[in-house]
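Residue numbers (this note's numbering), protein chains in the order written: chain A, 3 to 280; chain B, 485 to 1096.
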């Protein structure tokens, strides 16, 4: 009878591990708590099925293990039972699918008041761009990228001039304000992922992808690249600092815009030409 | 070869047997089996060592060859996993474990285990050995092609392993080989390594297609008299459906590998958009990296079932034989295999929820993915209902089956997390995914492979493997593997991303250092435990207990050959005639607790058989 006992201990151990585990998810810091709830629901239903199936199996091992004079039951099919099980499973699966799809519907529909953030990824780093006072990001092209134009903004796009450029791997966000992350990459796949926000999406070279969330806890969080991007993948970290409105506004004012950068470049060039003339 | 099998006479002899057969009690009609429609197969009999054992056309030998080569490659995959766990559990301990090597080992481990180990072992190994025996054929229908299939696989493995010795080493792009990084500097092996990987895959697919055609046509055309499709053992159904999937899925991988090779060598831009690398714009433009992902997963998801369906089939048979009970709901099981196979072509993009494809696809693929859970759950129910009121032999084979049920249900349930689009968002690309797929398509199929080895070894060699060693092997593997992958899910909950060479001091994972060490130690033990089997096999071949004829009292045809182990041609003078399905165990009124497939109704007149 060892066999049944060991299997039973495995199942019991799994349940106890789940109850007492010190390793569990971080406190959610965005609006995506619903994802956690769906995980919990799936855990209850799925975990229940797992335990039920295993306990039934263990019961059979105890009850029907080999005896010379026992004759197994001969019953090739039981259509009624099979029907009941099929429908019960279908119902359970539907109960899991429905909340999943509802939340996905929220995930793909970005609220109108979300602030857009251009997250630009490369091997191996991040930088960010925010819309200026016009509320719109200028369009970009990979071929435009150079030292004078680190984001590759199209110079003939008027929306680009006032874009706020954050050439750092840390970005600040305003608490309780939805953000739409616009992801792009100049080389390979990347993924801008903050575990506490739950959300993620790949950055794909050639296209712009997006996702959104609303941070609801102030503090600093680590950004991890969640899509393998070559040998520096594990080191491709960044940061997010979620601040209250006041602090965020102060921070925003200190940042440089694209026109600031162009102006600075011009002054530099003028000085250079002056120097050359002299 | 006609002197061996007396081809010309066979048709006549079998027809007359059908007429004159039958005995007391039951009428002649009950024993009638339709006569054969074609003459017996002509076989090439090798006589030299080379034609018998190396360039051999006997499906059984080819099956063993596939098995051995796949196992050899699998051991390399195992050693690579040890090296990875060494780095993850004890970073810095091994000075040669650079990030480059780590990613190369990750890639090779993944590709080897999925394609060159599991796929080759189930279809090439078990498929070749069992299909002709189980359907009552003398051999595969195209023995020569079958031989070429194995040797293509051999060359494919050679090319794959050669990449360890080329400049830059093997590719380190992850087993998914996603471009653009797979062919750009910044990924190890972006020149030679990825090239050899693509060539090896192309060879594998070509070789596999030869084998696959053999399996399909043998099952469809070479079944013996009376072996209707709905009398076939589920092992054959599983391998058959998996092969159909492979025939449809592998071409997607083939063209993906081909197109990426062109991007790499000729500078085409199938998968390559405009790329800025080290301050310079490369000469690519307009390609789509996501296109590759669609091609890869159009292969990759059916691939999961190419591994799983043969395992489903085999485990059904093992449970039935050792629980002394017919498989519960056979027809449901057949349709579940076929249904899962068909559905598996409509779920591929659930690997791509956060890939940047149009997010509206998520609704469709989440729905199809969860639908597939229904037939899969039915299979699980039917396995445990087969145990119910059975007469369960708790031998090593059954232990592996029970281990399979636990790990498969566990891994299947976590699949519902990942398939359910918005639940996948926080978990994708984390250790939860690693834990899930290792449990469901690593450990669970491995449990079946091991069960099958202990089950069929007496047929292949004529000797029983040691039960005592077998039990040690099982418990170390099962408990060890479970304690690797069960806690690993929780690393994923914390948010630890996959494919991280090192975590540094991320606040999420400092608490997980202890767990990583534990998992690594468990991995070393589980890996080492596999060598118990190798020892067991060597020992058994020398001194094992002789098994004799049909040692498990099984019903299915492979145990009913005139000689054990079966000889070339399998059936001696005359092909078997099949009168019933493969699961007449414990039929009320029968003298023994099994009625073989070849037993005519007249011989078991008193038994109350429900299905034939």
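Just so you know, even glycine gets a beta-carbon here, dropped at the ideal spot from N, CA and C.
task = With a 10 Å radius around its C-beta and 16 neighbouring C-beta atoms as the bar for buried, classify residue 997/B as buried or exposed.
result = exposed
query = With C-beta atoms as the reference, is residue 1011/B less than 8 Å away from residue 566/B?
reply = yes
query = What is the DSSP secondary structure of residue 923/B, reduced to helix, strand or coil?
reply = helix
task = Mind listing the chain B neighbours of residue 48/A? Cutoff is C-beta to C-beta under 7 Å, in chain order.
result = 897 and 900
inquiry  = Based on DSSP bridge pairs, tell me the residues matched to residue 128/A.
reply    = 123/A
request  = Could you tell me which chain A residues have their CB closer than 9 Å to the CB of residue 828/B, listed as they occur along the chain?
outcome  = The contacting residues do not exist; residue 828/B stays about 16 Å from chain A at best.
request  = Round the Cβ separation of residue 1063/B and residue 1047/B to the nearest angstrom and send it over; I've been treating them as touching at under 8 Å.
outcome  = The pair is not a contact, with the Cβ atoms about 22 Å apart (cut-off 8 Å).
query = Buried or exposed: which applies to residue 922/B, given that a residue is buried once 16 or more other Cβ atoms fall within 10 Å of its Cβ?
reply = buried
task = Can you tell me the Cβ-Cβ gap for residue 87/A and residue 865/B, rounded? I've got them flagged as a contact below 8 Å.
result = 5 Å
key: CB of residue 630/B within 8 Å of CB of residue 695/B, strictly   = yes
ask   = Less than 7 Å between the CB of residue 611/B and some heavy atom of the ligand GTP, yes or no?
value = By its list of ligands, the structure shown contains no ligand whatsoever, and the ligand GTP lies outside what it can speak to.
query = Using the C-alpha atoms, what's the distance from residue 808/B back to residue 62/A?
reply = 13 Å
task = Round the Cβ separation of residue 773/B and residue 755/B to the nearest angstrom and send it over; I've been treating them as touching at under 8 Å.
result = 5 Å
task = Inspect the beta-carbon positions of residue 164/A and residue 118/A and report whether they are closer than 8 Å.
result = no
ask   = Would residue 648/B count as contacting chain A if we go by Cβ distances under 8 Å?
value = no
ask   = Per the contact definition of three or more C-beta pairs closer than 8 Å, is the segment 126-135 of chain A in contact with the segment 76-86 of chain A?
value = The way I'd put it, the segment 76-86 of chain A doesn't touch the segment 126-135 of chain A; fewer than three beta-carbon pairs between them come closer than 8 Å.
query = Thinking C-alpha only, which one of 840/B, 718/B, 970/B and 1060/B is nearest residue 208/A?
reply = 840/B
ask   = Is residue 279/A buried or exposed, if buried means 16 or more other CB atoms sit within 10 Å of its CB?
value = exposed
ask   = Using the C-alpha atoms, what's the distance from residue 224/A back to residue 192/A?
value = 15 Å
key: Whole-angstrom distance between residue 52/A and residue 76/A, CA atom to CA atom   = Taking C-alpha positions only, residue 76/A is separated from residue 52/A by approximately 27 Å.
ask   = Taking the alpha-carbon positions, what's the residue 874/B to residue 1055/B distance?
value = 32 Å
ask   = With a cut-off of 8 Å, does the C-beta of residue 203/A fall near any C-beta of chain B?
value = yes
message = Could you check whether the Cβ of residue 906/B sits closer than 8 Å to any Cβ belonging to chain A?
response = yes
key: Which of helix, strand or coil DSSP assigns to residue 627/B   = helix
inquiry  = In the DSSP output, which residue or residues are listed as bridge partners for residue 151/A?
reply    = Residue 151/A is bridged to 148/A.
query = For a contact meaning CB atoms closer than 8 Å, what does residue 66/A contact in chain B?
reply = Under the 8 Å cutoff, chain B gives 807, 871, 872, 873, 874, 875 and 876.
ask   = How would you list, in chain order, the residues of chain B whose beta-carbon sits under 7 Å from the beta-carbon of residue 2/A?
value = Past the boundaries of the shown model lies residue 2/A; chain A is included only from 3 to 280, so the question cannot be answered.
key: Where residue 768/B sits in the DSSP three-state scheme   = coil
message = Which residues does DSSP list as the beta-bridge partners of residue 221/A?
response = For residue 221/A, which the question treats as bridged, DSSP gives the partners 244/A.
Within 8 Å, strictly: CB atoms of residue 794/B and residue 551/B = Contact flag unset, no.
query = Would you report the Cα separation of residue 785/B and residue 832/B, rounded to the nearest angstrom?
reply = 5 Å
key: Nearest-angstrom Cα separation, counted from residue 617/B out to residue 214/A   = So the two alpha carbons sit approximately 58 Å from each other.
When 691/B, 663/B and 716/B are compared against residue 768/B, the one with the closest alpha-carbon = Nearest C-alpha to residue 768/B: 663/B.
inquiry  = By DSSP's criteria, residue 227/A is part of a beta bridge. Which residues make up the other side?
reply    = 194/A
ask   = Using a C-beta cutoff of 8 Å, does residue 141/A count as contacting chain B?
value = It does not; no Cβ of chain B falls within 8 Å.
Contact residues within the segment 1001-1020 of chain B, judged by C-beta distance below 9 Å to chain A = none
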